[in-house]
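*Asks:*
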Amino acid sequence: MPVIPPGFLEGLGAAACLGTSDFVSRTNSRRIGSFAAASMALTLGTIPFLLFWPFPDFTSLDPAYLFFALVAGLLNPVALWLVFKALARGPIAVVSPIITANPALVVLVNGFMGYNPGLLEGAALAVIFAGVLIVSGLYRGLKVLIAGEVAAAVVVMAVSASLLLALRLVMIELSVDGMKVHDAFVLSRLASIVFCGAVFVVSMTQRQQLRGLVQVSWWPMIVLHATLENMGALLLFEGSVGEGKAIMPVVFSTLTIFTLFWAVTIAKEHIAPRRWFGVAVVLTGVVFLAGLPLLASS
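Everything in the sequence shown is counted per the working numbering, starting at -8 for the first residue and increasing by one.
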């Protein structure tokens, strides 16, 4: 019986959750600030897992894998903060393709670790990745970059964010190699929450942003953001187990498509034809990748 490639469904599910989460975060970021919105999503979304899942047994954990999980958690809010800062200063045409490129780095690292996709899988992943870059605005970004119309600091922030996002995913992969997915996920989330809490302790500006939480009408969007963010993150951990490492990072990069979908259908944003072509390229790669088991069995 044909089997979907390991990591495919998890990567696609994570992309759907986090791509939608990114769209929802626009509203919450405008209301309480981007860092506060991300912190609330991390904290609220983790609470159900702490209440209904058994807490990790530290005595049975290998210190090395515990370290990987904690580092993944610490990198998460830092990378998100850099993403928000870079996008805020723009231009998005330069920032978005740089950040979107981070799965390629993860695939390279996984290759060195021995997790290599097959020839046809690799071709499908290349098609998906090319489409994602088109959707993110690579063509216009290169024109702006070559023309020198972007500050060097913005490029540095975007590159740093991309590297940290890639490193975070590698840390996730390493952590689930030596501990249960549940344990790695919860410990990573706790590290993120502790980091965010420390920022609020030392920053009065960030504490002031939390005053907006008294607006009861804002809470449905905050809870939705938290639910999507944590479900997406959990799927990233699930998809990073074993052979899933070979394809999950690139399939996950399709989150841009989901953000774009909501931007068009709800925010009524205008999208250039070139980006729609990119969407078609991505969908072609995804369908081909999902259909490979059927080809192999025929």
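Where a beta carbon is used, it is the ideal one built from N, C-alpha and C, also for glycine. Note that the coordinates shown come from a computational prediction; the quantities given were computed from them, not determined experimentally.
Between the alpha carbons of S153 and A143, how many angstroms are there, rounded?
*Replies:* Position 162 of the sequence shown, counted from the first residue, corresponds to residue 153. Position 152 of the sequence shown, counted from the first residue, corresponds to residue 143. Looking at the two C-alpha atoms, the distance is approximately 15 Å.
*Asks:* In its own chain, which residues sit with a C-beta less than 6 Å from the C-beta of G235, not counting the 5 before and 5 after it?
*Replies:* For this step, residue 235 is matched to residue 244 along the sequence shown. The answer, listed in chain order, is P(-3) and G(-2).
*Asks:* Here's the rule: buried if 16 or more other CB atoms are within 10 angstroms of the residue's CB, otherwise exposed. What is G269?
*Replies:* Taking the first residue of the sequence shown as 1, we reach residue 269 at position 278. When all chains shown are included, G269 counts as buried.
*Asks:* Where does the unbroken alpha helix (DSSP H) through E229 begin, and where does it stop?
*Replies:* One-based indexing of the sequence shown puts residue 229 at position 238. W210 to G230 is the extent of the alpha helix (DSSP H) around E229.
*Asks:* Just tell me which of L9, V167, V100 and T18 has its CA closest to the CA of T250.
*Replies:* On the sequence shown, position 259 is the one that residue 250 refers to. For T250, the nearest C-alpha among the options comes from L9.
*Asks:* Quick one: Cα of E260 to Cα of L41, how far?
*Replies:* Counted from its first residue, the sequence shown places residue 260 at position 269. Counted from its first residue, the sequence shown places residue 41 at position 50. Taking the straight line joining both Cα atoms gives about 38 Å.
*Asks:* In whole angstroms, what separates the C-alpha of S166 from that of G64?
*Replies:* The count along the sequence shown starts at 1 and reaches residue 166 at position 175. The count along the sequence shown starts at 1 and reaches residue 64 at position 73. Straight-line Cα distance between these residues: approximately 11 Å.
*Asks:* Can you tell me which of the three DSSP states H261 falls into?
*Replies:* For the purposes of this step, residue 261 is taken as the residue at position 270 of the sequence shown. Three-state result, H261: coil.
*Asks:* How about the stretch 208 to 225 and the stretch 1 to 21: do they share at least three Cβ pairs that are nearer than 8 Å?
*Replies:* yes
*Asks:* Is it buried or exposed, P45, if we count other Cβ atoms within 10 angstroms and call 16 or more buried?
*Replies:* Translated into the one-based positions of the sequence shown, residue 45 becomes position 54. Looking at its Cβ environment, which holds fewer than 16 other Cβ atoms inside 10 Å, P45 is exposed.
*Asks:* Heavy atom of the ligand HEM less than 7 Å from the Cβ of A217, yes or no?
*Replies:* No copy of the ligand HEM occurs in the structure displayed, which carries no ligand at all.
*Asks:* Between I(-5) and V161, what straight-line distance do the alpha-carbon atoms span, to the nearest angstrom?
*Replies:* Counting from one through the sequence shown, the residue named residue -5 turns up at place 4. Counting from one through the sequence shown, the residue named residue 161 turns up at place 170. Straight-line Cα distance between these residues: approximately 23 Å.
*Asks:* Could you tell me whether the stretch 237 to 246 touches the stretch 106 to 126, where touching means 3 or more Cβ pairs closer than 8 Å?
*Replies:* yes
*Asks:* Give the secondary structure of Q206 by DSSP, where H, G and I count as helix, E and B as strand, and everything else as coil.
*Replies:* The count along the sequence shown starts at 1 and reaches residue 206 at position 215. Correct three-state label for Q206: coil.
*Asks:* Taking only runs that begin and end inside the stretch 175 to 200, name each unbroken beta strand (DSSP E) of 3 or more residues, in chain order.
*Replies:* none
*Asks:* Pick helix, strand or coil for Y106, following the three-state DSSP scheme.
*Replies:* Against the sequence shown, residue 106 aligns to sequence position 115. Residue state, collapsed to three classes: coil.
*Asks:* Note down the Cα distance separating V177 from R198, rounded to an integer number of angstroms.
*Replies:* Position 186 of the sequence shown, counted from the first residue, corresponds to residue 177. Position 207 of the sequence shown, counted from the first residue, corresponds to residue 198. Answer to the nearest angstrom: the Cα atoms are 25 Å apart.
*Asks:* In terms of residues, what are the limits of the alpha helix (DSSP H) holding F14?
*Replies:* Counting from 1 along the sequence shown, the entry for residue 14 is found at position 23. Counting along the chain, the alpha helix (DSSP H) containing F14 begins and ends at F(-1) to I23.
*Asks:* Taking the beta carbon of F120 as the centre, do at least 16 other beta carbons fall within 10 Å, making it buried, or is it exposed?
*Replies:* Taking the sequence shown and counting its residues from 1, one reaches residue 120 at position 129. F120 comes out buried.
*Asks:* Distance, Cα to Cα, K76 vs V147?
*Replies:* Position 85 of the sequence shown, counted from the start, is the residue given in the question as residue 76. Position 156 of the sequence shown, counted from the start, is the residue given in the question as residue 147. Cα-Cα distance, rounded: 11 Å.
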